[in-house]
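Trainee: Provided herewith is a single structure, encoded as structure tokens, for subsequent inquiry.
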Amino acid sequence: MASELIRIPILQIEDFLVASIQIALHDRSAVQFRDDLLERIYGTKAKGLIIDLTAVDIVDSFIGRLIGDVAEMAALMGSRVVVSGLQPAVAITLTELGLDLPGVITALNLEKGIAILRGLVRQEEDTEGARP
Amino acid sequence: MTNGRTLLIHSDLDIVSARVEGRDLAKALGFGTIDQARIATAISELARNIVLYAGEGTVTIRVVEQGMRKGVEVICEDHGPGIEDVSLVMRDGYSTSRGLGMGLPGAKRLVDEFEIQSQIGIGTKVVVRKWLR
Amino acid sequence: MSLTFAELLARNKEGIVQELARLVKEKAGPTYATVPLEQLLPRMAVVFDAMHQAISQQVPQAWEEFVETTVRRRVGERYALEEIQALISMLRDIVLRYLQAAYAEEPGQQIACILQMEDLAHRARQRAFEVYLRHYEEKTERQQRVLAELSTPVIQVHENILVVPLVGAIDTERARRVMEELLLGITAYQAELVIIDITGVPVVDTAVANHLMQTIKAARLLGAQSILVGISGEVAQTLVHLQIDLSGVVTRSNLQAGIEYALERMGLEISPKGEELSAEAMEEASESGDSRSQRGQEVSGWPAN
Numbered sequence: 450m451a452s453e454l455i456r457i458p459i460l461q462i463e464d465f466l467v468a469s470i471q472i473a474l475h476d477r478s479a480v481q482f483r484d485d486l487l488e489r490i491y492g493t494k495a496k497g498l499i500i501d502l503t504a505v506d507i508v509d510s511f512i513g514r515l516i517g518d519v520a521e522m523a524a525l526m527g528s529r530v531v532v533s534g535l536q537p538a539v540a541i542t543l544t545e546l547g548l549d550l551p552g553v554i555t556a557l558n559l560e561k562g563i564a565i566l567r568g569l570v571r572q573e574e575d576t577e578g579a580r581p
Numbered sequence: 050m051t052n053g054r055t056l057l058i059h060s061d062l063d064i065v066s067a068r069v070e071g072r073d074l075a076k077a078l079g080f081g082t083i084d085q086a087r088i089a090t091a092i093s094e095l096a097r098n099i100v101l102y103a104g105e106g107t108v109t110i111r112v113v114e115q116g117m118r119k120g121v122e123v124i125c126e127d128h129g130p131g132i133e134d135v136s137l138v139m140r141d142g143y144s145t146s147r148g149l150g151m152g153l154p155g156a157k158r159l160v161d162e163f164e165i166q167s168q169i170g171i172g173t174k175v176v177v178r179k180w181l182r
Numbered sequence: 007m008s009l010t011f012a013e014l015l016a017r018n019k020e021g022i023v024q025e026l027a028r029l030v031k032e033k034a035g036p037t038y039a040t041v042p043l044e045q046l047l048p049r050m051a052v053v054f055d056a057m058h059q060a061i062s063q064q065v066p067q068a069w070e071e072f073v074e075t076t077v078r079r080r081v082g083e084r085y086a087l088e089e090i091q092a093l094i095s096m097l098r099d100i101v102l103r104y105l106q107a108a109y110a111e112e113p114g115q116q117i118a119c120i121l122q123m124e125d126l127a128h129r130a131r132q133r134a135f136e137v138y139l140r141h142y143e144e145k146t147e148r149q150q151r152v153l154a155e156l157s158t159p160v161i162q163v164h165e166n167i168l169v170v171p172l173v174g175a176i177d178t179e180r181a182r183r184v185m186e187e188l189l190l191g192i193t194a195y196q197a198e199l200v201i202i203d204i205t206g207v208p209v210v211d212t213a214v215a216n217h218l219m220q221t222i223k224a225a226r227l228l229g230a231q232s233i234l235v236g237i238s239g240e241v242a243q244t245l246v247h248l249q250i251d252l253s254g255v256v257t258r259s260n261l262q263a264g265i266e267y268a269l270e271r272m273g274l275e276i277s278p279k280g281e282e283l284s285a286e287a288m289e290e291a292s293e294s295g296d297s298r299s300q301r302g303q304e305v306s307g308w309p310a311n
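Chains as they are written, first to last, in our numbering: chain A, 450 to 581; chain B, 50 to 182; chain C, 7 to 311.
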């Protein structure tokens, strides 16, 4: 009997993608999530992605590394990744596991995450858009 | 009345069940949210090792007492290939977030007591404990 | 025909209660001494009734519970435990005398009753003591918890800024508590800037340094930036010697400077956090010879918001 894969919905807000994890992800669903994210980033040419973890209370090394991988791959596609709403217990366990996700921008909550992405995108446009 | 539950682990779904079970027991015992997360995460790491390296095994989670103090004990056992050099596996690749390997040093940091026995061809047994402060 | 123990007691209730009240008022302790006899009599009667019931119905547990309830009412009062223990002994002595008189010709019955009485007295003393012990254990635990919280305060100085002043030696346990309190504070206050002030920490060894780094990393995962202030010259040397990587950690010499930096950051456009901030740490710290005179006074000099 095939187990059900949980697909996390990925929403689009302005130029960004937003995914909020509401349930416990087992490994295969997590991998599916990663693949879905990368596909959407590629498909929409999104400038940024926010993964909201406010509702997540346990994150182990598998998910931790997965998020780090997503950030790296997204960066290659020109997209920044922000993780928002990480809970204290999760932050501590990740740190103690030795995973501090250096390539990932972090935000206290979803709103701040979006503000950060907007700011980043504006900065990039400012530097890129200099006309002679 | 027996104390503790033994869970059969052979898929990623079982990993989630095991860590939720661990978190619930820790919570019932009076551990704070952060220690609950530590216990649950440690179980997750160890259970994943069972799935990845042995294919199948068991995780037993129970309450333990030692004099005045109470805590949680988790026994992870499998009859997998075993680990050739345990000391190698326990070496801390702390700074390498990319490092694969069994994540045992990480799990060890999350708990108070950590014991591991392994023999090639026979299997591996990891016992961890965390005490209420 | 001889009476049962319960019957004997019932017959002599008034005498026993009167004698008990008198003795207790005279000798049990200062609190009882101040109670007028008329008030003491009914109270001793209640004690008698409980004991009588335990003996006639053979339920010592009810007696124990009675003792527990009675003691709990007075727990924490000075002398209460000694007085209650004295009362129990007095009651026992009185009853024993009645037993000896009543069963002078029946040693078997006498012994049986004496044993029963001794058992009740013993249970009462035991239970009274347990109630006291539990009360003080809980009190100590509570005090320790309060102390623990006091020793790891997380202070909100501004809407978005927290300050964690660390004072004294920091062991592993305390470091862990600091980290947990800080992270909970960041979430509770939704503060993006945290100033960790180690001015008051005399010694920073590998363990403390590592805990600090872990705390800073964990805070970043939540979305908060940490600012480390109060690194003395000696501590700076230790950190360099231990090869602690402080790149990516913002440092300032004292709390004032830390708060100024935090306010500056809040005035800026939202910019990437935690990525490109460079380590000005060592230069700042080695300048601390100047700020040493300011250290320790800064906290009280901090203007109220």
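For each residue, glycine too, the CB sits at the ideal point set by N, CA and C. Keep in mind it's a predicted model, so treat the numbers as computed, not measured.
Below 8 Å, can you find three or more Cβ-Cβ pairs linking the region 235 to 253 of chain C to the region 181 to 192 of chain C?
Mentor: no
Trainee: Terminal residues of the continuous beta strand (DSSP E) containing residue 469 of chain A?
Mentor: 465 to 469
Trainee: Which residue spans inside the region 129 to 201 of chain C form an unbroken alpha helix (DSSP H) run of at least 4?
Mentor: List check, alpha helix (DSSP H) in window: 178 to 195.
Trainee: I want to see whether chain B comes within less than 9 Å of residue 509 of chain A, judged by CB atoms only; does it?
Mentor: Closer than 9 Å: yes.
Trainee: With the cut-off set at 9 Å, would you say residue 181 of chain C and residue 221 of chain C are in Cβ contact?
Mentor: yes
Trainee: Give the DSSP bridge partners of residue 81 of chain C, in chain order.
Mentor: According to DSSP, which records beta bridges pairwise, residue 81 of chain C is partnered with nothing at all.
Trainee: What does the Cβ neighbour count give for residue 185 of chain C, buried or exposed, with the cut at 16 atoms within 10 Å?
Mentor: buried
Trainee: Quick check: the region 13 to 29 of chain C against the region 147 to 167 of chain B, are at least 3 beta-carbon pairs closer than 8 Å?
Mentor: The region 13 to 29 of chain C and the region 147 to 167 of chain B do not touch, with fewer than three beta-carbon pairs separated by less than 8 Å.
Trainee: According to a CB-to-CB cut-off of less than 8 Å, which residues of the region 83 to 98 of chain B neighbour chain A?
Mentor: 83, 85, 86, 87, 89, 90, 93, 94, 97
Trainee: Give the straight-line distance between the Cα atoms of residue 71 of chain B and residue 260 of chain C, rounded to the nearest whole angstrom.
Mentor: 44 Å
Trainee: Using beta-carbon positions only, say whether residue 175 of chain C and residue 208 of chain C come within less than 9 Å of one another.
Mentor: For residue 175 of chain C and residue 208 of chain C, yes; Cβs fall inside 9 Å.
Trainee: Taking Cβ positions, are residue 502 of chain A and residue 539 of chain A nearer each other than 9 Å?
Mentor: yes
Trainee: I'd like to confirm the pairing. Which residues does DSSP put opposite residue 125 of chain B in its beta bridges?
Mentor: The beta-bridge partner set that DSSP reports for residue 125 of chain B consists of B:108, B:175.
Trainee: Along chain B, which residues have their Cβ under 8 Å away from the Cβ of residue 541 of chain A?
Mentor: 83, 86, 87
Trainee: Which same chain residues, not among the five before or five after residue 519 of chain A, have their C-beta less than 8 Å away from its C-beta?
Mentor: Cβ within range, chain order: 483, 486, 487, 498, 500, 530.
Trainee: Would you call the CB atoms of residue 105 of chain C and residue 123 of chain C closer than 9 Å?
Mentor: yes
Trainee: Of all the CB atoms in chain B, is at least one closer than 9 Å to the CB of residue 136 of chain C?
Mentor: no
Trainee: So, does the CB of residue 561 of chain A fall closer than 9 Å to a CB anywhere in chain C?
Mentor: yes
Trainee: On the DSSP letters alone, give me the boundaries of the beta strand (DSSP E) that residue 256 of chain C sits inside.
Mentor: The continuous beta strand (DSSP E) containing residue 256 of chain C extends over residues 256 to 258.
Trainee: Got a sec: which bits of the region 150 to 165 of chain B sit with their beta carbon under 9 Å from any beta carbon on chain A, in order along the chain?
Mentor: 152, 154, 155, 156, 158, 159
Trainee: Can you name the residues of chain C whose CB is closer than 7 Å to the CB of residue 556 of chain A?
Mentor: 229
Trainee: Tell me whether the beta-carbon of residue 548 of chain A lies closer than 9 Å to the beta-carbon of residue 513 of chain A.
Mentor: yes
Trainee: Could you say which of C:47, C:16, C:19 lies nearest to residue 30 of chain C if we only look at CA atoms?
Mentor: C:47
Trainee: Taking residue 65 of chain B as the query, report the chain A residues whose CB atoms sit under 7 Å from its CB, ordered along the chain.
Mentor: 473, 475
Trainee: Going by CA-CA distance only, name the one from C:66, C:238, C:268 that's closest to residue 121 of chain C.
Mentor: Of the residues C:66, C:238, C:268, the one whose Cα lies closest to the Cα of residue 121 of chain C is C:66.
Trainee: CB-CB under 6 Å to residue 138 of chain B, same chain, minus the five flanking residues each way: which ones, in chain order?
Mentor: 132, 151, 153
Trainee: Pick helix, strand or coil for residue 68 of chain B, following the three-state DSSP scheme.
Mentor: Helix, per DSSP.
Trainee: Going along chain A in order, which residues have a C-beta closer than 7 Å to the C-beta of residue 140 of chain B?
Mentor: Those within 7 Å of residue 140 of chain B in chain A number zero; the least Cβ separation is about 12 Å.
Trainee: Counting along the chain, where does the alpha helix (DSSP H) carrying residue 90 of chain B start and finish?
Mentor: Secondary structure note for residue 90 of chain B: its alpha helix (DSSP H) is the uninterrupted segment 82 to 98.
Trainee: Would a C-beta distance cut-off of 9 Å place residue 179 of chain B and residue 111 of chain B closer than the cut-off?
Mentor: no
Trainee: Would you call the region 106 to 117 of chain C in contact with the region 163 to 172 of chain C, where contact means no fewer than 3 C-beta pairs closer than 8 Å?
Mentor: no
Trainee: Identify the contact partners of residue 528 of chain A in chain C, using a Cβ-Cβ distance below 8 Å as the criterion.
Mentor: Within chain C, no residue comes near residue 528 of chain A; the closest Cβ sits about 14 Å away, beyond 8 Å.
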